[in-house]
Amino acid sequence: MSAWRFERPEGLPLPEPSEEAMPFFEALKEEELRVPKCAKCGRLSYPPRAMCPDCQSFDFEWAPVSGRGTIYSYVVTHQAIHPALVGHTPLATVEVELEEGPRITSNLVDVPPDAIEIGMAVEVVFEKINDEVTLPLFKRA
Numbered sequence: 004m005s006a007w008r009f010e011r012p013e014g015l016p017l018p019e020p021s022e023e024a025m026p027f028f029e030a031l032k033e034e035e036l037r038v039p040k041c042a043k044c045g046r047l048s049y050p051p052r053a054m055c056p057d058c059q060s061f062d063f064e065w066a067p068v069s070g071r072g073t074i075y076s077y078v079v080t081h082q083a084i085h086p087a088l089v090g091h092t093p094l095a096t097v098e099v100e101l102e103e104g105p106r107i108t109s110n111l112v113d114v115p116p117d118a119i120e121i122g123m124a125v126e127v128v129f130e131k132i133n134d135e136v137t138l139p140l141f142k143r144a
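Straight run, no breaks: the sequence shown in the numbering used here ends on number 144.
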């Protein structure tokens, strides 16, 4: 297999974190992957939201997770859906099921879209975009 690497296209918009998601993005700057953990029932969840999807509690703490998981699902985009993506397709978006349970949507940095498999073991890598934004990407474990 030839070397392949995902590179974030210049000009692609950066995330604009909500108040609920800010602790997630702050942890990424420290190269830590953290997800909300309900203080009442203990459920880990992602994406961040104001209320626990199980017990409806509004009390959360931010728990570190390993960053290891498997590909749960993926989609390959063949048509550029943003001007910055022209020339960068096909592009795969993956849903990673973390070992701890929550699923997170991201990209793989070292697997061509046609080689992705459901169940593939992956681990997080941190891509520092600038001083304010670090993104969680994944690589084959």
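For each residue, glycine too, the CB sits at the ideal point set by N, CA and C.
Within 10 angstroms of the Cβ of G72, are there 16 or more other Cβ atoms? Answer buried if so, exposed if not.
-> Its Cβ being crowded by 16 or more others within 10 Å, G72 is buried.
Can you grab the Cα-Cα spacing for the pair C41 / L47, in whole Å?
-> L47 has its alpha-carbon roughly 7 angstroms from the corresponding atom of C41.
Which partner residues of R37 appear in the DSSP bridge assignment?
-> Under DSSP, R37 takes part in a beta bridge, and its partners are P67.
Within its chain, find whatever has a CB closer than 6 angstroms to the CB of E130; leave out the 5 residues flanking it on each side and keep chain order.
-> The beta carbon of E130 lies closer than 6 angstroms to those of L138, L140 in the same chain, with the five residues before and after it left out.
Along the alpha helix (DSSP H) that carries A30, what are the first and last residues, could you check?
-> First-last of the alpha helix (DSSP H) with A30: 25-32.
Is the stretch 82-92 in contact with the stretch 55-67, if contact means three or more CB pairs nearer than 8 angstroms?
-> At 8 angstroms Cβ cutoff, the stretches do not touch.
Once you ignore the five residues that flank I74 on each side, which residues in its own chain have a CB closer than 7 angstroms to its CB?
-> Contacts found: V97, V99, I119, E120, I121, G122, M123, V125.
Below 6 angstroms CB to CB, which residues in the same chain sit around V79 once its five sequence neighbours on both sides are set aside?
-> Within its own chain, the residues whose Cβ lies closer than 6 angstroms to the Cβ of V79, once the five positions on either side in sequence are excluded, are P93, A95, P116, listed in chain order.
Rounded to a whole number of angstroms, what is the C-alpha to C-alpha distance between S69 and P26?
-> Each residue's Cα considered, the two are about 17 angstroms apart.
For M4, which of helix, strand or coil comes out of DSSP?
-> Unreliable positioning characterises M4 in this predicted model, as indicated by a pLDDT of 41, which lies under 50. The coordinate reading is nonetheless provided below. In the structure shown, M4 sits in coil (DSSP, three-state: anything other than H, G, I, E or B).
Determine the closest residue to S60 out of Y77, S76, P39, with distance taken between C-alpha atoms.
-> Of the listed residues, the one whose Cα sits closest to S60 is P39.
Coarse secondary structure for L15, derived from DSSP in three states | Note: L15 maps to coil in three-state DSSP.
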